[in-house]
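The numbering of the sequence shown is UniProt numbering, which starts it at 1 and goes up by one. Glycine is no exception: its CB is placed at the ideal position from the N, C-alpha and C atoms. Only a predicted model underlies this, so the values are computations on that prediction, with no experimental measurement involved. What follows is a single structure, written as structure tokens, with notes after it.
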Amino acid sequence: MRLYIYIPFENQDSVDRLNSCVSGISQWITQNVLQLNQLIFCFLCLLFLVYLCMCRKAISRSGLQHLAPVQSSITALTNGPAKELRATVDWTENAVNGDHLWLETNCSGDLCYLGEETCMKSAPRRKCAACKIVVHTACIEQLDKINFRCKPTFREGSSRCLRDNVLRHHWVHRRRQEGKCRQCGKSFQQKFFHSKEIIAISCSWCKQAFHNKVTCFMLHQIEEPCSLGAHAGVIVPPSWIIKVRKPQVHTSSFKNSTRRKKRTSFKRRTSKKGTDESKWRPFILKPLPSPLMKPVLVFVNPKSGGNQGTKLLQMFMWILNPRQVFDLSQGGPREALELYRKVPNLRILACGGDGTVGWILSALDDLQLNPQPPVAVLPLGTGNDLARTLNWGGGYTDEPVSKILCHVEDGTVVQLDRWNLQVEWSPAQPEEGTQKLPLNVFNNYFSLGFDAHVTLEFHESREANPEKFNSRFRNKMFYAGAAFSDFLQRSSRDLSKHVRVVCDGTDLTAKIQELKFQCIVFLNIPRYCAGTMPWGNTGDHRDFEPQRHDDGYIEVIGFTMASLAALQVGGHGERLHQCREVTLTTYKTIPVQVDGEPCRLAPSTLRISLRNQANMVQKSKRRTSFGEKWNLHIFSIMSNVITSTSLKISYVVLHLSYEAIVAYDEAYNYSSKGISVYLTKNYFVHIIELELGLKFWCAPD
């Protein structure tokens, strides 16, 4: 390539001088161009090495070694013992922070996290429930070599450095990502075919996502602390959960001889040590109290609701800290409740049927927690009458888990009466049947007769063939068939002749025999038999009060076959009494049920009395919009620094996510550059967007 420059000159001498100058410059460039290229190349290499060292240093500090360059060579697998792949959280002293929770997956849409260069490309594949990466089973060893850890769930007790206690983002490469980039606000490109290109970098804690570009995701963001996102108020931070070392027993002869001289009761001291060692647990909790936090402890019964329990378990592990989500089939709720007993403002979410809720409430009674944490219900069972009473619905309908957590956090705490059942067997009338009830406490109802017989048939059939009862619809169909069969056989027609009922000293036996009831229900909550209301509306009845689940009274209701049939179309049973104590005597073996757990009870005397009241979370009927929720949240914070008597200018800084600002704008159709929202009659809030948060100026209206 040649460049011609036209320059006008006045005489020939100027032209000669210019030619000599240009020729000298060209000779110098020809002699030194190679050295210049080498110097420039060395300088650029030096800059690149310095930048690479800075990246590796920052990545190693933040524990994100997986973002470092990966070598393309694949090392052969060693013949050593294979590492155990865990699908559940490890609570032993051998727990490793950042271990993945590998679950088998058959979804073909997700590519291996390692990429084409290092992937072994051998089936089967596994998916981590906590960070949602997918790898082949043979590639897990390569994942360990690049040191890509899962999000941390606890901290080591030996770590005293404040830097180690700060929670940072857990960045993960994504080839598929929903939503918009936090930096530029543009959507992530979704391709029709499976893309092998990394399009996004997202945090598995706060769920922020950025384009995989230098202009969107920058180096300094690796070191930034994580705010835990929209559910920061319910997530248990890893800094609260501490792994402690096992206390060591010193057996030095010198120390033993010194202790013998100082203490005469050495045996008593030894027994105390043994007691301390038996109470030692690998993990402890040291929470930081905050009025804005309501940590949620999640219990999931995977046997409830078909396969819904297993799916919910994985979804909660993705959104929350996996160490606050527990599988009830792995030992029950007691150990988890003991671990979290000192967490302030704790709330419990029970995912299962009414029996699961009763199981958790009984464990809370045994531990005698004070104050007792309130329990919310995510219904997965068949009847779910308690969940209906507390406005949680009759079943889980694939509602987003994020919305469920918001309802648990914002729900109202109410009281629920719980009742004792004491059984005294009558040996004078020996018959076939059990002498002990399946439960000695009930929360919903206790009944005998027709409905208990149908429930018993369902229970026995499910125990014999559990594979046939894996869906809620099939269970209800079996209930309907068993009820129709029992209706034709009239197996409970003589129930009134074999029972005696006394409520608060009033004998109701004559009335029961007169009306020939085939079913008697002692009801604590308004709902019964999958959503019906047998007590009905007592507005026109002066002898009875409206039914409540927190008034310390239990309702006694009788049913004939006609009233049972009318119950399904809005009818109600025969109201017998509202009382505090019941004495029930049976003279033959009768089917009974306690909160859906049936049995055949031998002739006995039962006494029903109030046990205590449990704290429950009632879902708010009125759905609060996002904007209103933030208004109340802002005002609750400002109320601590603002008084109506002395106020000129005050301000509070809140760190809100980009998604929160966008949702606020969509709710009110305002620009986040400047929003004026009236909270009360005396104050208004003016919102101005800053680089890292929002600033609120408050002034009298």
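Could you give the distance in angstroms between the alpha-carbon of glutamine 189 and the alpha-carbon of glycine 179? 10 Å
Output the distance between the C-alpha atoms of leucine 390 and glycine 352, rounded to the nearest integer angstrom. 14 Å
To the nearest angstrom, how far is the alpha carbon of histidine 549 from that of cysteine 529? 16 Å
Just to check my reading of the structure: threonine 92 and proline 295 have Cβ atoms closer than 8 Å, yes? What is that Cβ distance to the nearest angstrom? The pair is not a contact, with the Cβ atoms about 23 Å apart (cut-off 8 Å).
Within its chain, find whatever has a CB closer than 7 Å to the CB of cysteine 203; leave out the 5 residues flanking it on each side and keep chain order. His169, His170, Trp171 and Cys226
What separation, rounded to the nearest whole angstrom, lies between the Cα atoms of glutamine 248 and leucine 361? 37 Å
DSSP state of aspartate 327, grouped into three classes? strand
The ligand COA and proline 289: does any heavy atom of the ligand fall closer than 8 Å to the residue's C-beta? The model depicted lacks the ligand COA and carries no ligand whatsoever.
C-alpha distance - glycine 394 paired with glycine 383, whole-angstrom precision: 7 Å
Beta-carbon proximity list for leucine 610, same chain, < 7 Å, skipping 5 on both sides: Asp417, Trp419, Gly552 and Arg580
Does any C-beta atom of chain B lie closer than 9 Å to the C-beta of cysteine 503? The structure shown contains no chain B, having only a single protein chain.
What's the call for proline 526, buried or exposed, on a 16-neighbour Cβ count within 10 Å? buried
Tell me the DSSP secondary structure of asparagine 391 in three-state form. coil
Runs of alpha helix (DSSP H) lying entirely within the segment 121-197, each at least 4 residues, in chain order: 140-145
DSSP three-state assignment for leucine 515, whether helix, strand or coil: helix
If you draw a straight line from the alpha carbon of methionine 317 to that of isoleucine 235, how long is it in whole angstroms? 11 Å
Unbroken alpha helix (DSSP H) runs of length 4 or more, entirely within the segment 557-611: which are they? 561-567
Whose CA, out of Met561, Asn465, Ala95 and Gly505, lies closest to the CA of lysine 243? Ala95
In whole angstroms, what separates the C-alpha of aspartate 110 from that of cysteine 139? 14 Å
Can the beta-carbon of asparagine 212 be found closer than 9 Å to that of isoleucine 198? yes
Out of curiosity, what's the CA-to-CA distance linking alanine 363 and serine 187? 47 Å
Within 10 angstroms of the Cβ of tyrosine 664, are there 16 or more other Cβ atoms? Answer buried if so, exposed if not. Residue confidence is low: tyrosine 664 scores 41 on pLDDT, short of 50, so the model does not pin down where it sits. Its coordinate-derived value is still stated next. Buried, because 16 or more other Cβ atoms sit within 10 Å of the Cβ of tyrosine 664.
Just confirm the distance between the C-beta atoms of leucine 167 and serine 239, as a whole number of angstroms; I'd bet it's less than 8 Å. 6 Å
Any 3 or more C-beta pairs closer than 8 Å across the segment 584-593 and the segment 431-449: yes
Report all residues from its chain with a CB closer than 7 Å to the CB of cysteine 216; omit the five preceding and five following residues, and keep chain order. Cys181, Gln183, Cys184 and Phe210
Check valine 244 in the structure and name its three-state DSSP category. coil
Helix, strand or coil for isoleucine 525, going by three-state DSSP, please let me know. coil
Which stretch, first to last residue, makes up the beta strand (DSSP E) that contains valine 298? 296-300
May I ask you to list the residues that DSSP assigns as paired with arginine 418? Asn612
Is there contact here, the segment 562-576 with the segment 588-597, by at least three beta-carbon pairs under 8 Å? no
Roughly how many whole angstroms lie between the Cα atoms of glutamine 142 and threonine 310? 28 Å
Own chain residues within Cβ distance below 6 Å of glutamine 435, not counting five before or after: Trp425 and Ala602
Whose C-beta lies closer than 7 Å to the C-beta of threonine 455 among residues of the same chain, with five residues either side of it excluded? Gln593, Gly596 and Pro598
Under 9 Å, do valine 582 and valine 501 count as touching if we go by C-beta distance? yes
On a CA-only basis, which of Gly115, Gly229, Ile319 and Glu156 is nearest arginine 174? Give me that one, please. Gly115
DSSP beta-bridge partners of threonine 105: Arg125
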